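First to last, the protein sequences are chains P and Y. Heads up: take any position in the first sequence, counting from 1, add 594, and you land on our numbering. Heads up: take any position in the second sequence, counting from 1, add 229, and you land on our numbering. C-beta atoms are modelled at their ideal positions from N, C-alpha and C, and glycine is treated no differently. None of these values were measured; they are calculated from a predicted model. Below: the structure, in structure tokens.
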Amino acid sequence: MIEVKNLTKRFGQKTAVDDISFTVKRGEVLGFLGPNGAGKSTTMRMITGYLPPTEGQISVDGADTVNEPIVAKAKIGYLPEAAPLYADMTVVAFLRFIAELRGKGEADVERALDTCFLEPVRNQNIDTLSKGYRHRTCLAQSILHDPDILILDEPTDGLDPNQKQEVRSLIKRMGEDKVIIFSTHILEEVEAACTRAIIIDQGRVVADGSPAELKARASGAGAVSVSIKGMAGSGIRSELGSLPGVSEVRETDSTESAFRGQVLPSKSAGALTDAIFNMCKDKGLVLEELRVEEGRLDEVFREITVADTKLDGSKMGPADSVAGEVTE
Amino acid sequence: MSALRNIWIIFKRELKAQFNSMLAYVFIVIFVVLAMALTFWFRNFFAPGGQDASLEFTFFLWPAWLLMFLAPAVGMRLWSEEHRTGTIELLLTMPMAPWQAIVGKFLAGLAVIAIAISCSFPIVLTVAYLGDPDNGKVLGGYLATLLYGAACLAITCSVSAFTRSVVACLIISVTICFLMLLLAVPPVQDYFTDILGGGVSDAISSFSMFSHYNDMKRGVITLPNVTFFASLIGFCLFLTSIVIKTKRS
Numbered sequence: 595m596i597e598v599k600n601l602t603k604r605f606g607q608k609t610a611v612d613d614i615s616f617t618v619k620r621g622e623v624l625g626f627l628g629p630n631g632a633g634k635s636t637t638m639r640m641i642t643g644y645l646p647p648t649e650g651q652i653s654v655d656g657a658d659t660v661n662e663p664i665v666a667k668a669k670i671g672y673l674p675e676a677a678p679l680y681a682d683m684t685v686v687a688f689l690r691f692i693a694e695l696r697g698k699g700e701a702d703v704e705r706a707l708d709t710c711f712l713e714p715v716r717n718q719n720i721d722t723l724s725k726g727y728r729h730r731t732c733l734a735q736s737i738l739h740d741p742d743i744l745i746l747d748e749p750t751d752g753l754d755p756n757q758k759q760e761v762r763s764l765i766k767r768m769g770e771d772k773v774i775i776f777s778t779h780i781l782e783e784v785e786a787a788c789t790r791a792i793i794i795d796q797g798r799v800v801a802d803g804s805p806a807e808l809k810a811r812a813s814g815a816g817a818v819s820v821s822i823k824g825m826a827g828s829g830i831r832s833e834l835g836s837l838p839g840v841s842e843v844r845e846t847d848s849t850e851s852a853f854r855g856q857v858l859p860s861k862s863a864g865a866l867t868d869a870i871f872n873m874c875k876d877k878g879l880v881l882e883e884l885r886v887e888e889g890r891l892d893e894v895f896r897e898i899t900v901a902d903t904k905l906d907g908s909k910m911g912p913a914d915s916v917a918g919e920v921t922e
Numbered sequence: 230m231s232a233l234r235n236i237w238i239i240f241k242r243e244l245k246a247q248f249n250s251m252l253a254y255v256f257i258v259i260f261v262v263l264a265m266a267l268t269f270w271f272r273n274f275f276a277p278g279g280q281d282a283s284l285e286f287t288f289f290l291w292p293a294w295l296l297m298f299l300a301p302a303v304g305m306r307l308w309s310e311e312h313r314t315g316t317i318e319l320l321l322t323m324p325m326a327p328w329q330a331i332v333g334k335f336l337a338g339l340a341v342i343a344i345a346i347s348c349s350f351p352i353v354l355t356v357a358y359l360g361d362p363d364n365g366k367v368l369g370g371y372l373a374t375l376l377y378g379a380a381c382l383a384i385t386c387s388v389s390a391f392t393r394s395v396v397a398c399l400i401i402s403v404t405i406c407f408l409m410l411l412l413a414v415p416p417v418q419d420y421f422t423d424i425l426g427g428g429v430s431d432a433i434s435s436f437s438m439f440s441h442y443n444d445m446k447r448g449v450i451t452l453p454n455v456t457f458f459a460s461l462i463g464f465c466l467f468l469t470s471i472v473i474k475t476k477r478s
């Protein structure tokens with residue numbers, strides 16, 4: 595449905611998007627991740643036809659965004675960042691205006707009002723609305739013509755937790771028969787709603803895969819968290835360390851009589867849990883917890899995007915402070 | 230067909246926005262009150278033994294000066310506001326060509342100006358009652374005023390595409406409109422004649438909106454005059470589309 599080929603965007607000297615290529619098929623919900631200024635919004639703006647690409651092509655369901663802009667734009671619903679609206683109009687008047695431009699009728703306006711829970715404010719002026727309602731009004735505008743393709747730039751930004759949940763389930767529901775691309779800073783959102791995620795950093799795609807695949811890339815993935823009662827200190831550490839397949843033992847918050855920590859595998863984690871369990875059974879120790887860590891998305895995000903930042907120059911601060919900014 | 234439809238949709242929204250913001254009412258009232266007040270107070274409309282009942286030197290003397298700053302006031306929000314609030318991103322991702330939005334918005338501004346100008350109609354009735362005015366001149370005067378207002382509005386349109394600041398747009402547009410008037414004012418003309426010679430000076434003053442306006446209000450509706458305003462408007466709207474396009478790349 596969407597084919598992005600060697601997409602590049604330069605603003606003067608600055609390269610905002612640097613040779614990005616990817617395709618998205620119907621039924622995919624694609625999450626765009628990346629630090630601020632990574633080029634997420636710029637890429638989305640080029641797909642919607644708002645910004646012309648410096649180089650490269652975008653094909654939207656077969657229509658080129660530069661050569662057939664009107665055909666391409668008709669297929670897309672777009673929620674811009676910060677959800678801009680004509681503040682002097684009422685909600686329903688604004689949606690009617692969009693419906694007219696999209697060649698749609700009153701029934702579509704009502705459906706959009708209903709889907710986005712805007713019924714209570716339909717006749718209210720947009721400049722008197724709360725942020726959540728404004729956001730949903732702009733979202734209603736993007737789904738009004740029931741588009742095959744939805745481009746949502748930070749759709750849950752500024753919403754309260756309940757509204758976030760509503761928007762996420764809306765995305766998930768609509769994603770079944772559409773193409774949805776949305777950007778976000780909230781990583782749990784990617785796990786909750788996406789079938790695929792792309793991480794963009796400094797204008798380039800640095801990771802592309804399902805949330806599960808990405809999580810497996812975390813350095814913490816596959817580690818076994820254990821909590822063992824009955825033995826502590828160096829004794830248990832050496833016992834664990836001598837098990838086959840263990841590369842490192844990390845102690846976290848042990849007490850005098852119990853060990854808590856993580857056992858990092860050198861190869862696969864499957865055998866580790868068995869080995870630890872058997873070791874405890876043989877020594878008569880009480881195994882309180884035994885859990886294989888999945889790896890966390892924020893860990894992957896941090897590792898990938900911070901590694902790139904560090905490569906770039908020594909002027910940056912310590913890695914930790916950079917990571918703090920990135921995931922903020 | 231769909232082009233006309235899109236222009237109509239944009240036109241309707243923009244005109245409603247003009248009236249919602251009260252700006253259109255303010256504009257109409259100020260235009261009519263000032264035009265009338267200036268006509269009656271400063272041009273001796275009722276002066277006995279003066280000219281024949283005529284609007285040429287009384288009423289139609291003023292609109293050029295009024296529209297010079299009132300037309301930019303109507304047009305200043307057209308694109309600046311879109312830039313400022315970010316709604317331009319919505320507008321330009323709708324399935325229509327950008328020029329349709331440009332024309333629709335321009336026509337909405339022009340409609341406000343046209344309403345204001347036509348609200349001055351009692352003066353025509355008054356003159357018709359008092360004497361026997363040359364209807365051709367009256368019609369020419371109105372057409373000239375409308376075209377002049379449209380030209381000032383088109384200039385404002387292209388300025389507003391440049392900036393997100395409404396105030397900057399107003400000041401810059403008024404300045405440009407003022408300079409375009411000034412080119413045909415005698416002292417300025419003399420200055421150009423002195424340093425550049427008569428031919429160049431004539432060429433420069435032919436770019437003044439004022440000289441074309443004056444021709445037309447005398448009832449001289451010639452092709453060059455109409456072409457001048459039409460091409461000035463066309464050029465400014467084309468410039469608007471260029472600015473909107475290059476701002477994004």
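First and last residue of the uninterrupted alpha helix (DSSP H) at residue i
i      : result
Y/L372 : N364 to F391
Y/Q329 : P327 to S347
Y/G518 : The structure shown does not extend to residue 518 of chain Y, since chain Y is modelled only from 230 through 478, so no value can be given for it.
P/R639 : K634 to I641
Y/T355 : P351 to L359
P/K608 : Element bounds for P/K608: not the alpha helix (DSSP H) but the beta strand (DSSP E), K608 to V618.
P/F688 : V685 to L695
Y/L319 : T316 to L320
Y/R234 : S231 to N249
Under 9 Å by beta carbon: chain P residues contacting residue i
i      : result
Y/M325 : I664, K667 and L695
Y/R477 : R639, Y644, L645 and P646
Y/S250 : D682
Y/N364 : By Cβ distance, chain P contributes nothing, its closest Cβ being about 41 Å from Y/N364, past 9 Å.
Contacts that residue i makes with chain P (C-beta to C-beta distance below 7 Å)
i      : result
Y/R242 : F691
Y/R447 : Residues of chain P passing the Cβ test: none, with the nearest at roughly 42 Å.
Y/L321 : Y644
Y/N235 : L695
7 Å Cβ cut-off: residues of chain Y touching residue i
i      : result
P/A676 : G315
Nearest residue (CA-CA) to residue i, options the options
i      : options                           : result
Y/F464 : Y/A266, Y/F269, Y/I384 and Y/R477 : Y/I384
P/E649 : P/M640, P/G656 and P/A657         : P/M640
Y/G304 : Y/G360, Y/C348 and Y/C381         : Y/C381
P/N630 : P/K667, P/E675 and P/T642         : P/E675
Y/S231 : Y/P324, Y/S389 and Y/G338         : Y/P324
P/D740 : P/I670, P/R762 and P/N717         : P/I670
Y/S430 : Y/M438, Y/Y420 and Y/F439         : Y/Y420
Y/A330 : Y/K245, Y/L307 and Y/F269         : Y/L307
Y/G370 : Y/L252, Y/I450, Y/A266 and Y/G315 : Y/I450
P/R854 : P/V818, P/K772 and P/D868         : P/V818
Y/G315 : P/R762, P/A668 and P/L673         : P/L673
P/T684 : P/R696, P/L624, P/T722 and P/T789 : P/T722
Y/G302 : Y/I471, Y/L290 and Y/S394         : Reading off the sequence, residue 302 of chain Y comes out as Ala, not Gly. For the residues Y/I471, Y/L290 and Y/S394, the minimum Cα distance to Y/A302 belongs to Y/S394.
P/P805 : P/G827, P/E782 and P/D612         : P/E782
Y/S250 : P/I830, P/E748 and P/D682         : P/D682
P/T731 : P/V761, P/D742, P/P755 and P/I743 : P/V761
Y/V388 : Y/P362, Y/I471 and Y/V417         : Y/I471
Interface partners of residue i on chain P, CB under 8 Å
i      : result
Y/I512 : There is no way to answer for residue 512 of chain Y, as the model of chain Y reaches only from 230 to 478.
Y/A246 : Y680, D682 and M683
Y/I454 : One point to set straight first is that residue 454 of chain Y is Asn, not Ile, in the sequence displayed. Neighbours of Y/N454 on chain P: none; closest Cβ ~37 Å, over 8 Å.
Y/T451 : The contacting residues do not exist; Y/T451 stays about 40 Å from chain P at best.
Start-to-end residues for the beta strand (DSSP E) that takes in residue i
i      : result
P/E782 : Where P/E782 is concerned, there is no enclosing beta strand (DSSP E), although the alpha helix (DSSP H) it sits in stretches over L781 to A787.
P/L624 : V623 to L627
P/E882 : V880 to V886
P/E597 : I596 to F605
P/L858 : A852 to P859
P/R790 : R790 to D795
CB contact below 9 Å: residue i versus chain C
i      : result
P/E887 : Within the model displayed, chain C is absent; protein chains P and Y are what it includes.
Query raised in the report: Going along the chain, which unbroken runs of the beta strand (DSSP E) with 3 or more residues stay wholly within the stretch 803–841 of chain P?
Result: Fully enclosed beta strand (DSSP E) runs of 3 or longer: 818–823.
Query - Runs of alpha helix (DSSP H) wholly within the stretch 401–478 of chain Y (minimum 4 residues, chain order) - result: If one requires a minimum length of 4 residues, the alpha helix (DSSP H) runs lying completely within the stretch 401–478 of chain Y are 415–425, 427–434, 438–446 and 452–477, in chain order.
Query raised in the report: Hey, which unbroken runs of the beta strand (DSSP E) at 3 residues or more fall wholly within the stretch 709–778 of chain P?
Result: Entirely contained in the stretch 709–778 of chain P, the beta strand (DSSP E) runs reaching 3 residues are, in chain order, 743–747 and 773–777.
Query raised in the report: Which whole runs of the alpha helix (DSSP H) in the stretch 650–680 of chain P are 4 residues long or more, in chain order?
Result: With a minimum length of 4 residues, the continuous alpha helix (DSSP H) runs that stay inside the stretch 650–680 of chain P are 663–669.
Query - Members of the stretch 720–731 of chain P that neighbour chain Y once the beta carbon cut-off is set at 7 Å - result: none
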